[in-house]
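**Student:** Following our numbering, the numbering of the sequence shown begins with 1 at its first residue and continues without gaps. Each residue gets a CB set at the ideal place from its N, CA and C atoms; glycine is no exception.
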Amino acid sequence: MPTSSHVVGNGLPSGSASSIISGVVRGYHFLKIIGYSGTKEIPNGEGIESCLFRVGGCTWNVRYYPNRLRSEYSDYIGLCLFLNDTVAGEVETVKEKFMFGLLDQHGKPVPSYTGTSDTREFSVHKGHGFGGFMKRVQLEESEHLKDDSFTVKVDVTIMSEFHTQETPSILVPPSDLHRHLGVLLSSKAGVNVKFQVGGETFSAHRLVLAARSPVFRAEFIGQTREGTTTEAIRVHDMEAPVLCLLSCTRMHCRI
Numbered sequence: 001m002p003t004s005s006h007v008v009g010n011g012l013p014s015g016s017a018s019s020i021i022s023g024v025v026r027g028y029h030f031l032k033i034i035g036y037s038g039t040k041e042i043p044n045g046e047g048i049e050s051c052l053f054r055v056g057g058c059t060w061n062v063r064y065y066p067n068r069l070r071s072e073y074s075d076y077i078g079l080c081l082f083l084n085d086t087v088a089g090e091v092e093t094v095k096e097k098f099m100f101g102l103l104d105q106h107g108k109p110v111p112s113y114t115g116t117s118d119t120r121e122f123s124v125h126k127g128h129g130f131g132g133f134m135k136r137v138q139l140e141e142s143e144h145l146k147d148d149s150f151t152v153k154v155d156v157t158i159m160s161e162f163h164t165q166e167t168p169s170i171l172v173p174p175s176d177l178h179r180h181l182g183v184l185l186s187s188k189a190g191v192n193v194k195f196q197v198g199g200e201t202f203s204a205h206r207l208v209l210a211a212r213s214p215v216f217r218a219e220f221i222g223q224t225r226e227g228t229t230t231e232a233i234r235v236h237d238m239e240a241p242v243l244c245l246l247s248c249t250r251m252h253c254r255i
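(1) Under 8 Å, do valine 183 and histidine 205 count as touching if we go by C-beta distance?
(2) Please list, in chain order, all residues of the same chain as asparagine 84 whose beta carbon is under 8 Å from its beta carbon, the five residues on each side excluded.
(3) Pick helix, strand or coil for proline 66, following the three-state DSSP scheme.
(4) Span of the alpha helix (DSSP H) holding leucine 52?
(5) Are threonine 151 and leucine 31 close, meaning C-beta to C-beta below 8 Å?
(6) Under a Cβ-count criterion, where at least 16 other Cβ atoms within 10 Å of its own Cβ denotes burial, should histidine 29 be classed as buried or exposed?
(7) Around the C-beta of serine 50, are 16 or more other C-beta atoms found within 10 angstroms, so that it is buried, or is it exposed?
(8) Assign threonine 119 to one of two classes, buried (16 or more other C-beta atoms within 10 Å of its C-beta) or exposed (fewer than that).
(9) What's the C-alpha gap between threonine 228 and glycine 199?
(10) Count Cβ pairs between the region 74-83 and the region 107-114 that sit closer than 8 Å; are there 3 or more?
(11) Looking only at its own chain, which residues have a Cβ that is under 7 Å from the Cβ of phenylalanine 133, when we skip the five neighbours before and after it?
(12) Using DSSP's beta-bridge definition, name the partner residues of valine 25.
(13) At which residues does the alpha helix (DSSP H) containing leucine 209 begin and terminate?
(14) With DSSP collapsed to three states, give me the class of glycine 115.
(15) Ordered along the chain, which non-local residues of its own chain (more than five positions away) have a Cβ less than 8 Å from that of histidine 128?
(16) From glutamine 138 to glycine 27, what does the alpha carbon distance come to, in whole angstroms?
(17) Which of the three DSSP states, helix, strand or coil, is assigned to threonine 201?
(18) What's the gap between the Cα of glutamate 72 and the Cα of glycine 131?
(19) Starting from tyrosine 76, trace the beta strand (DSSP E) in both directions and tell me its first and last residue.
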């Protein structure tokens, strides 16, 4: 069950994360039929096997049926995908989706002659496919049969079991921006403005003051002068502690 966040001793919420992962392996195989007219002599219901190919650690092959695969497909070419063996015999069945597509002269699947399956369960030497992939007359009258040859691409998508995995948490430390700004002010590195307030003179950074006060923002942002100001700015309507807080933190003020 998911773990809810809770508040730990330092007041910061703790949390955790996990992922649900769907493993998918994809592969493809090209089957080229050379001498199509000669394959029509194959008896009805008999197929010609392709070479073996591997996807997802399993071995597969395609069977091409130039004449009917079954009686209801008497005028059709059939294509079936078979599982030859599994990963070192470790699993008995494999779930997958597949797609057969007749390729045009540019090597792209022809949408009207492309068949996509839903998820099927394969066992060794058991096949799934399309007994009525396309009519023979449609192939013979198309431009996709060239020099008595045509090519089919089979795409294989193997679905593995879902599994969960803990995602390492990243602890975000509390902000210490105030400490860094304090060090910057105490070191006087990059100071570019001086103030006289209540008889005290101290240095500061224009951008820090502009970020902390709309009055100083209007005073500093957009000024054409740059660099360090040699003449101190006199502030008459502000107490020194207030300006110290705007500059960074009281501990770095000379009061």
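**Tutor:** According to the data block:
(1) no
(2) Leu52, Cys58, Thr59, Trp60, Asn61, Val124 and His125
(3) coil
(4) Here leucine 52 belongs to no alpha helix (DSSP H), and DSSP marks it neither H nor E.
(5) Result yes, Cβ atoms of threonine 151 and leucine 31 sit closer than 8 Å.
(6) buried
(7) buried
(8) Threonine 119 is exposed by the Cβ-count criterion.
(9) Any reading at threonine 228 needs caution, since the residue's pLDDT is 47, under 50, leaving its predicted position unreliable; the model's value is listed next. Each residue's Cα considered, the two are about 21 Å apart.
(10) no
(11) Tyr76, Ile77, Gly78, Leu79, Phe100 and Gly115
(12) For valine 25, which the question treats as bridged, DSSP gives the partners Ile158.
(13) 206-212
(14) DSSP, read as helix, strand or coil, puts glycine 115 in strand.
(15) Cys80, Leu81, Phe98, Ser117, Arg120 and Phe122
(16) 28 Å
(17) strand
(18) Distance between the alpha carbons of glutamate 72 and glycine 131 is about 9 Å.
(19) 76-85
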